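Everything on this sheet refers to the single structure shown next.
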Amino acid sequence: MKSQLRSEIYEDGVLLIDNPIPFSETLIEERKEHNFNGIKGVLTSITLNGVQLEFKDVTIAKDFYSVAVEHDFSFIKLHFEIEGDNEYCPDNKKEKRIYIPQGHYNFFYLPVIKGNLNFRTQKRKTVEISFTTDYLQQLFHSNLKEAIPLLAEAIEKKTAFLMWDKSRVISPQLQKIITEITGCTYSGVIKKAFLESKVVEIISYLFTIINENENKEELAELSPYDYSKIIELETILKSRFRENHSLSGLAANIGLNTFKLKKYFKQIYGVSVFAYLTTIRMEYAKKLIVEKGFAIAVVSEEVGYKNPQHFTVAFKKTFGYLPSKLKK
Numbered sequence: 001m002k003s004q005l006r007s008e009i010y011e012d013g014v015l016l017i018d019n020p021i022p023f024s025e026t027l028i029e030e031r032k033e034h035n036f037n038g039i040k041g042v043l044t045s046i047t048l049n050g051v052q053l054e055f056k057d058v059t060i061a062k063d064f065y066s067v068a069v070e071h072d073f074s075f076i077k078l079h080f081e082i083e084g085d086n087e088y089c090p091d092n093k094k095e096k097r098i099y100i101p102q103g104h105y106n107f108f109y110l111p112v113i114k115g116n117l118n119f120r121t122q123k124r125k126t127v128e129i130s131f132t133t134d135y136l137q138q139l140f141h142s143n144l145k146e147a148i149p150l151l152a153e154a155i156e157k158k159t160a161f162l163m164w165d166k167s168r169v170i171s172p173q174l175q176k177i178i179t180e181i182t183g184c185t186y187s188g189v190i191k192k193a194f195l196e197s198k199v200v201e202i203i204s205y206l207f208t209i210i211n212e213n214e215n216k217e218e219l220a221e222l223s224p225y226d227y228s229k230i231i232e233l234e235t236i237l238k239s240r241f242r243e244n245h246s247l248s249g250l251a252a253n254i255g256l257n258t259f260k261l262k263k264y265f266k267q268i269y270g271v272s273v274f275a276y277l278t279t280i281r282m283e284y285a286k287k288l289i290v291e292k293g294f295a296i297a298v299v300s301e302e303v304g305y306k307n308p309q310h311f312t313v314a315f316k317k318t319f320g321y322l323p324s325k326l327k328k
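Numbering (our numbering), first residue to last: 1 to 328.
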C-alpha cells in the first residue's frame, strides 16, 4: 500500500508513504512533530488489531491550503473534525464530495482515493479512526451485510459509501467517548484493551443510529462559528476555573447570547456550564489532596470556594464521598 501527497507544506513538495495505514495485533504508537512552511503541530497514530487511530493537532499560518492525495488502496474511515474543517474533492466528478466542518463527523468507504483535500481554517484538531474490512466482519460475526447493508454492498461492488451527505454534529455521547480515547493514560496491554473497547463503543453507537433509521431526535445543527465559541468557552472554564463566573459575563466574553451559550454548551458536553465548571474544580481539588497533601480548607480556597463546607458538599455530589476520605 502506498500514498502520495503533494503540497507546499512538504519539504520537497511531495510526501510518499509506504504502508500508511498499518494494522498490527500489538499496540504500536507513534508521535510526529511537523513544523514547515507555516504549519506546526503534532500527529499521533495508534495502531491496533484491524484499527488505526490518528490524532492531529496543528496550527496553520494561512487561511487556506490544499493537498493533492492519491492512495493505491481503499479504506473505511470514521472522521471527527473537532476544530477546523476538512473537504475532500475527488478528481472523478461523478463521486461525492465529502465536507466535514468543525464539530461534525462522518463515516465513509472509498475504494479509490484521488483528489484534493482542502483546509480553510488556521487551527485543526481531528480524531480519525480507520478500519479494515476484516475487522468489521469479525466484529459483526461475518454478517456485515445484515448490520449495515449499504456499506457491505459498497465494499462488494467497490463503490463509494458516505453515511450522510451532510456531516452530523458530534453528539454529547460521542464527545464523551472521544475525550476518553484522547485522554487515555494507560499503557501497554491495558491501553490496547481500553482503546479497543472504546472503538467498539463508538461503532455500536454509530450503527444503532443507522439501524434505527435515525428516528431519534437529532441534535440541532450548530454553525461552525457557534461551535468555535463553545470551544472557546470551554478553554476559559479550564484556564480560569478559580474565578467566579456569571452566564452573562461568559456570554460577553465569547460573543454569544446567554440562551445560545446554555443551549449549545449542553448540546455538546451533555451538562450545564456550571456543572462542567464544578467538575473541573473538583478534579483539580482531588489532585491537590492526593498528590500534594493539601488541607481541605486550603484546597477549598484554591478552587474558588470561600466556605469549606460548600466545597465539601460540591465534592461529595461530584464523587459520591467526602474529601476527607482521601486523607485517610
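Backbone N, C-alpha and C define an ideal beta-carbon position, used for all residues, glycine too. Here the structure is a predicted model, which means the values were calculated and not measured.
- The beta strand (DSSP E) runs lying completely inside the segment 264–314 and spanning 3 residues or more number zero.
- Short of 7 Å from the beta carbon of residue 251, and not among the five residues preceding or following it, lie these beta carbons of its own chain, in chain order: 257, 258 and 261.
- Excluding its 5 nearest sequence neighbours in each direction, residue 97 has C-beta neighbours in its own chain below 6 Å: 89, listed in chain order.
- Classified as buried, residue 124 has 16 or more neighbouring CB atoms from the shown chains inside 10 Å of its CB.
- By the Cβ criterion, the segment 126–133 is in contact with the segment 48–66, since at least three pairs of Cβ atoms, one from each stretch, lie closer than 8 Å.
- Shown here for residue 15: same chain residues with a beta carbon closer than 7 Å to its own, the five before and five after excluded, namely 5 in chain order.
- Counting along the chain, residue 26 sits inside no alpha helix (DSSP H), nor does DSSP assign it H or E at all.
- An exposed status is given to residue 293, since fewer than 16 other beta-carbon atoms sit within 10 Å of its beta-carbon.
- Contact between the segment 62–76 and the segment 108–117 is present, with at least three C-beta pairs closer than 8 Å.
- Between residue 224 and residue 102, the C-beta spacing is below 7 Å.
- Only residues of its own chain outside the window of five on either side were considered, and among them 311 have a CB closer than 6 Å to the CB of residue 305, listed in chain order.
- Nearest to residue 230 by alpha-carbon distance, out of 253, 209 and 246, is 253.
- With a cut-off of 8 Å on Cβ pairs, the segment 35–44 is in contact with the segment 59–68, counting three or more such pairs.
- Counting along the chain, residue 78 sits inside the beta strand (DSSP E) bounded by residues 75–83.
- Cβ neighbours of residue 158 within its own chain (closer than 6 Å, five residues either side excluded): 111.
- Taken through DSSP and simplified to helix, strand or coil, residue 256 comes out as coil.
- According to DSSP, residue 168 shares a beta bridge with 105.
- In the displayed model, residue 38 falls within coil according to three-state DSSP, outside both helix and strand.
- Non-local beta-carbon contacts of residue 17 in its own chain, meaning distances under 6 Å to residues more than five positions away in sequence, involve 3 in chain order.
- Of the candidates 267, 317, 318 and 29, 267 places its Cα closest to the Cα of residue 175.
- Counting the other CB atoms within 10 Å of its CB gives residue 12 a total below 16, which places it among the exposed residues.
- Leaving aside the five residues that flank residue 30 on each side, the residues in its chain whose CB is nearer than 6 Å to its CB run, in chain order, 45.
- Only residues of its own chain outside the window of five on either side were considered, and among them 147 and 148 have a CB closer than 7 Å to the CB of residue 207, listed in chain order.
- Secondary structure at residue 226: helix, using DSSP grouped into helix, strand and coil.
- For residue 164 and residue 209, the gap between their C-alpha atoms comes out near 12 Å.
- Excluding five sequence positions before and after residue 182, the CB atoms of its chain that fall closer than 8 Å to its own CB belong to 55 and 127, given in chain order.
- In the structure shown, residue 52 adopts extended strand secondary structure according to DSSP, grouped into three states.
- Within the segment 179–211, the complete alpha helix (DSSP H) segments of 4 residues or longer fall at 188–211, listed in chain order.
- Residue 47 holds the alpha-carbon nearest to the alpha-carbon of residue 24 among 35, 265 and 47.
- At the C-beta level, residue 201 and residue 177 come within 7 Å of one another.
- Within 10 angstroms of the beta-carbon of residue 134 lie fewer than 16 other beta-carbons, which makes it exposed.
- At a Cβ-Cβ threshold of 7 Å, residue 299 and residue 326 do not count as neighbours.
- Annotation for residue 199: 51 place their beta carbon closer than 6 Å to its own, counting only its chain and skipping 5 residues before and after.
- Contact annotation: residue 194 and residue 186 have beta-carbon atoms nearer than 7 Å.
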